[in-house]
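Taking my numbering, the leading residue of the sequence shown gets 426, the next gets one more, and so forth.
Below is one structure, written out as structure tokens; the observations come after it.
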Amino acid sequence: MYSVEETIEVAVPVRAAYNQWTQFKSFPRFMTVVKKVEQIRPALLSWTLAVGPLRREFQAEIVEQEPDSHLTWQSLERHFVHRGEVSFRPTATGGTTVTVRIEVDSPGATALRGGLPRLVGRVVQRELGHFKAYIEGLGAESGAWRGTIRGGRVRPEEPRPHRSRVAHWPVG
């Protein structure tokens with residue numbers, strides 16, 4: 426098993442960076458290795474990645490998602506086992522630090538272990554650069570999903586308090 430961690434600072438608020446990240450179907454617009462993403466359910470995604478002649482399709486489950494904070498996932502495949510997390514932290518200048526951590530435990534990767542972490546790290550850093558250019562170019566998110574996921578299950582939204590239709594009159 427090996428792990429990769431890459432960080433980039435984007436010049437948009439945390440809410441905008443997080444909201445754009447949750448728009449998985451837009452990933453192929455700015456990430457060169459991501460060819461297709463289908464969101465089967467709120468916590469289940471089908472990914473198609475391609476690098477040169479290599480093509481990989483897999484499903485991943487979102488294990489935990491907290492708006493404006495982080496999102497963690499795990500693959501559901503036997504041959505490309507990986508887990509990851511993306512976190513969003515505000516900067517002093519009003520921007521966002523986006524950090525991606527990926528752990529890969531793939532059978533057969535042992536022989537390639539020497540150069541594979543560096544290669545994955547470079548790809549992740551390059552794709553984060555594409556995310557930065559995309560979100561800063563838009564200036565705002567193109568959509569959002571603000572749900573919370575715990576243990577792979579979508580938590581119900583907090584109920585909104587009932588609003589009375591009767592006007593509140595000042596007392597006193």
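All C-beta atoms in this analysis are idealised placements derived from N, C-alpha and C, irrespective of residue type, glycine included.
In chain order, what residues of the same chain have a beta carbon less than 7 Å from the beta carbon of Tyr443, not counting five sequence neighbours either side? Excluding five sequence positions before and after Tyr443, the CB atoms of its chain that fall closer than 7 Å to its own CB belong to Pro492, Asp493, Phe513, given in chain order.
What residues are listed by DSSP as bridge partners for Leu602? There is simply no residue 602 to check, as the chain begins at 426 and stops at 597 in what is shown.
Close-in-space but distant-in-sequence residues of the same chain around Thr524 (CB under 6 Å, 5 per side omitted): Closer than 6 Å at the Cβ level, and outside the excluded window around Thr524, lie Thr432, Ser512.
Between the alpha carbons of His495 and His555, how many angstroms are there, rounded? So the alpha carbons of these two residues sit roughly 19 Å apart.
Can you tell me which residues form a DSSP beta bridge with Ser451? Per DSSP, none; premise fails for Ser451.
For Ala536, the three-state DSSP class (helix, strand or coil): Reliability fails at Ala536, whose pLDDT of 47 lies under 50, so the model's placement of it is uncertain and the value that follows must be treated cautiously. For Ala536, the three-state secondary structure derived from DSSP is coil.
Phe556 in three-state terms, based on DSSP: Reduced to three states, the DSSP call for Phe556 is helix.
Run through the DSSP bridge pairs and tell me what Pro515 is partnered with. Paired residue(s): Thr521.
Between Thr573 and Leu541, what straight-line distance do the alpha-carbon atoms span, to the nearest angstrom? Going by the C-alpha atoms only, they are around 33 Å apart.
Please tell me whether Met426 and Val529 are closer than 8 Å, where the distance is taken between their beta carbons. Here Met426 is near Val529, since their CB atoms are less than 8 Å apart.
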